[in-house]
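Asks: My questions all concern the structure below.
Residue numbers (the UniProt record's numbering): 1 to 156.
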């Protein structure tokens, strides 16, 4: 029996009750396939979810993935809206990462946000542990003896 693509109502319900993160990768891969989202073979769960979120954002006019939390309106529901869920796995800008590095909160980000941030900076993302992603970002952002880096530019 062929898989039926999810509609917006199903998508929002899956996000609201948190069951999206408990789904098997095969289910997420099949949804990507039936929605025509290209080859997703070998994706990790967070990559499937980001791909699906981008699809639903583009298809249903949900606010842009780059929108900040100030532009998201919270509903009175018991769960988060689709718009607030979309912001979870968005890569932070270099400036935002530097600010978090400077105030010591880089390691408080989720592994998904860290992975997306590494990807946006064209760094390796194949690490399994969150600590490895933090170390990769720190190595990229911190100045070396040869290069004062961008940290000095931010503090100036």
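Note that the Cβ used here is the ideal one computed from N, Cα and C, for glycine as well.
Please return the same chain residues whose Cβ sits closer than 6 Å to the Cβ of residue 127, not counting the five positions on each side in sequence.
Replies: 133
Asks: Taking the Cβ atom as the reference point for each residue, do residue 114 and residue 142 lie within a distance shorter than 9 Å?
Replies: no
Asks: What did DSSP end up calling residue 173 once you bin it into helix, strand or coil?
Replies: Nothing about residue 173 can be read from this structure; the chain reaches only from 1 to 156.
Asks: In three-state terms, what does DSSP make of residue 6?
Replies: coil
Asks: Going by C-alpha distance, which of 131, 109, 35 is nearest residue 58?
Replies: Per the C-alpha coordinates, the member of 131, 109, 35 positioned closest to residue 58 is 35.
Asks: Out of 137, 14, 8, state which residue places its alpha-carbon closest to the alpha-carbon of residue 158.
Replies: For the chain, the structure presents residues 1 to 156; residue 158 sits outside this window and is missing.
Asks: Assign residue 21 to buried or exposed, taking buried as 16 or more other Cβ atoms, counted over all protein chains shown, within 10 Å of its Cβ.
Replies: exposed
Asks: Check each candidate in 94, 116, 139 and name the one with the smallest Cα separation from residue 44.
Replies: 116
Asks: Would you call residue 24 buried or exposed, if buried means 16 or more other Cβ atoms sit within 10 Å of its Cβ?
Replies: exposed
Asks: Could you give the first and the last residue of the continuous alpha helix (DSSP H) run that contains residue 112?
Replies: 111-120
Asks: Buried or exposed: residue 4, going by 16 or more other Cβ atoms within 10 Å of its Cβ?
Replies: exposed
Asks: Under the rule that 16 or more other beta-carbon atoms within 10 Å means buried, what is residue 12, buried or exposed?
Replies: buried
Asks: Considering only residues of the same chain and omitting the five flanking positions on each side of residue 123, which have a CB-CB separation below 8 Å?
Replies: 136, 137, 140
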